[in-house]
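Each remark here refers to the structure printed beneath this line.
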Ligand SMILES: Nc1ncnc2c1ncn2[C@@H]1O[C@H](COP(=O)(O)OP(=O)(O)O)[C@@H](O)[C@H]1O
Ligand SMILES: [Mg+2]
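Protein chains in written order, with the working numbering: chain A, 1 to 254; chain B, 1001 to 1286.
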């Protein structure tokens, strides 16, 4: 299968926790401005895989990575992790707005925490733009100076998406972003993801097969740390090459 | 079944009630001394509390009247200076233990030292401050008293800071790191502010504990009959007034010692209540 404009290319990527190999020899090209779903049974390494892509993995004591990860043509393992993380944003499983900050400050956290001062106009513009992109603006535009933690779970998660988008990343990693949310909030975020792929590449871990079917263009299927299937979602779902993918899709294990 | 053995049932109920009553009375025992102390203080000292008491300097020995203005101001200066010396060191050490040292041997050694320091008798801390500050300076000073009190504050604030920061959820650290924020900035701008209310509570508790300490001040701040704002001079403080007046031969001063005790106890009580309110606020936010 040919991926024309890969934003991420991994070559023989292995990730370890101490001696335990959680990701095994993964070689893959992730297409740009598409939604790629990362699927597989619990503990197969989905979280570990995406945390390699913004170099959060190496923060775990004893964790390391071998192989290569290219962001376009730059090897991110040779780059300053801070710069990698500016280009590759992340949204976590549980919404985690900063509890000491207002909604406004949360959106600007990527600037404020780095000590970057923005002129008021510029700051207002970034906040409005990011919140609009995250489909949260209409709900919060009158309460921008309240704490982010007062929002509902789904709103908090969209606030976290706005916070990640505000620094204009090229890629957005999402680790089961809807698993802690109710169906209505989940639907809002799914719609949002489909909107967002106009401007940013999305790699989303999900446990939820219908969700992957609805929102993703490509699916990567992991099993015990190996990437056993990668391709357009429609193809993977209807005509899997690996029997283990088929077993998973038909619900034989989860 | 209840009606099968009415006598036994009644006896069982009686036992239950008796034990409950006994436990309630026992639970009052720790509370009782506080009320006795407050009663005693107000009974003996309320008559010396007047505006003059708060705004006048001590009268010369043997003369009646006068106040403890210099001791009140002195306590604020000595305790304030101790806080200025002790708190920054303690917060940095607490940050180190929680965010950097973690489970290393060195961090463990620092924790043990802090716990031991906390157990050192305050009179010994006073002697140490005497040797470190009073001797080299050649005279008593408020500063030396503050150093002694700071040494007593440090272990308390270090450990509470560490505990509070450890409670800050890792997902907040990761949220910051994932935005490309360096670790040290994450610690200063996310972890510390998130735990700040807890750290402040710890500081207030520590201040309340040192504000009434007498032994470390006896041969450091020493006491002073006059008003001074200069921390390099000997300075009066509430515990010193109480100690010196209570052990004097003048009945008028005994009276004032009771008055000063009321002021000191109310200050400490106020700090404790404030720290409780803050602690409750943290609990409410969770
Ligand atoms: N911090 C860690 N230390 C050691 N092993 C870990 C750690 N985190 C995850 N693992 C192990 O790595 C494997 C992959 O975990 P993870 O990437 O979280 O899986 P998934 O997200 O697919 O459920 C699992 O076997 C898990 O037990
Ligand atoms: Mg996971």
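Virtual Cβ for every residue (Gly too), placed ideally from N, Cα, C. Since we're looking at a predicted model, the values are computed, not measured.
- DSSP, read as helix, strand or coil, puts residue 223 of chain A in strand.
- Distances between the C-beta of residue 1113 of chain B and the heavy atoms of ligand 1 are all 7 Å or more.
- A straight line joining the alpha-carbon of residue 1052 of chain B with that of residue 1064 of chain B spans about 12 Å.
- Taken from the Cβ of residue 175 of chain A, at least one heavy atom of ligand 2 lies inside 7 Å.
- In terms of side-chain proximity, the C-beta atom of residue 1086 of chain B is found no nearer than 7 Å to any non-hydrogen atom of ligand 1.
- Relative to ligand 1, residue 179 of chain A has its C-beta separated by 7 Å or more from all heavy atoms.
- Interface residue (Cβ-Cβ distance to chain A less than 8 Å): residue 1279 of chain B is not classified as such.
- A contact between stretches requires three or more CB pairs, one per stretch, nearer than 8 Å, and the stretch 169–178 of chain A meets this requirement with the stretch 81–90 of chain A.
- Runs of the alpha helix (DSSP H) spanning 4 or more residues and lying entirely within the stretch 75–149 of chain A occur at 81–87, 103–107, 109–112, 120–133 and 137–140, in chain order.
- Cβ proximity to chain A below 7 Å picks out nothing from the stretch 1084–1113 of chain B.
- For residue 110 of chain A, at least one C-beta of chain B is nearer than 8 Å to its own C-beta.
- If one requires a minimum length of 4 residues, the alpha helix (DSSP H) runs lying completely within the stretch 1059–1129 of chain B are 1069–1095, 1105–1119 and 1122–1129, in chain order.
- Short note on residue 46 of chain A: C-beta closer than 7 Å to some heavy atom of ligand 2.
- A distance below 7 Å between beta-carbons, with the five flanking residues on each side excluded, links residue 1086 of chain B to the following residues of its chain, in chain order: 1150, 1153, 1154 and 1157.
- For residue 1042 of chain B, no pairing in a beta bridge is given by DSSP.
- If you check the CB distance, residue 1194 of chain B and residue 99 of chain A come in under 8 Å.
- Counting the other Cβ atoms within 10 Å of the Cβ of residue 175 of chain A gives 16 or more, which makes it buried.
- In this structure, the C-beta of residue 1168 of chain B stays at least 7 Å away from each heavy atom of ligand 2.
- Rounded to the nearest angstrom, the gap between the Cα atoms of residue 56 of chain A and residue 1274 of chain B is 40 Å.
- In terms of Cβ geometry, residue 173 of chain A and residue 133 of chain A do not form a close pair [threshold 8 Å].
- For residue 100 of chain A, at least one C-beta of chain B is nearer than 8 Å to its own C-beta.
- By alpha-carbon distance to residue 237 of chain A, the top candidate from A:211, A:112 and A:126 is A:211.
- Per DSSP, residue 160 of chain A lies in no beta strand (DSSP E) segment; the continuous alpha helix (DSSP H) that holds it begins and ends at 153–166.
- For residue 175 of chain A, the pairing in a beta bridge is given by DSSP as A:205.
- Taking a C-beta distance under 8 Å as the contact criterion, residue 1148 of chain B and residue 1220 of chain B qualify as a contact pair.
- Residues of the same chain with a CB within less than 8 Å of the CB of residue 21 of chain A, apart from the 5 flanking positions on each side, are 14, 15 and 225 in chain order.
- Residues of chain A with a Cβ closer than 8 Å to the Cβ of residue 1176 of chain B are, in chain order, 98, 109 and 113.
- Counting C-beta pairs closer than 8 Å gives three or more between the stretch 1037–1052 of chain B and the stretch 1247–1264 of chain B, which meets the contact rule.
- Remark: C-beta atoms of residue 1050 of chain B and residue 113 of chain A do not approach each other more closely than 8 Å.
- If only uninterrupted alpha helix (DSSP H) runs of at least 4 residues are considered, those enclosed by the stretch 1192–1267 of chain B are 1192–1211, 1215–1218 and 1238–1246.
- Closest in C-alpha terms to residue 162 of chain A, from the list A:74, A:179, A:193 and A:41, comes A:193.
- When DSSP states are grouped into helix, strand and coil, residue 52 of chain A belongs to the helix group.
- At a cut-off of 8 Å between beta carbons, residue 23 of chain A makes no contact with chain B.
- The Cβ atoms of residue 1190 of chain B and residue 1160 of chain B lie no closer than 8 Å to each other.
- The stretch 1093–1100 of chain B and the stretch 1164–1171 of chain B touch, with three or more beta-carbon pairs separated by less than 8 Å.
- Contact between the stretch 1102–1111 of chain B and the stretch 1170–1184 of chain B is absent: fewer than 3 CB-CB pairs across the two stretches fall below 8 Å.
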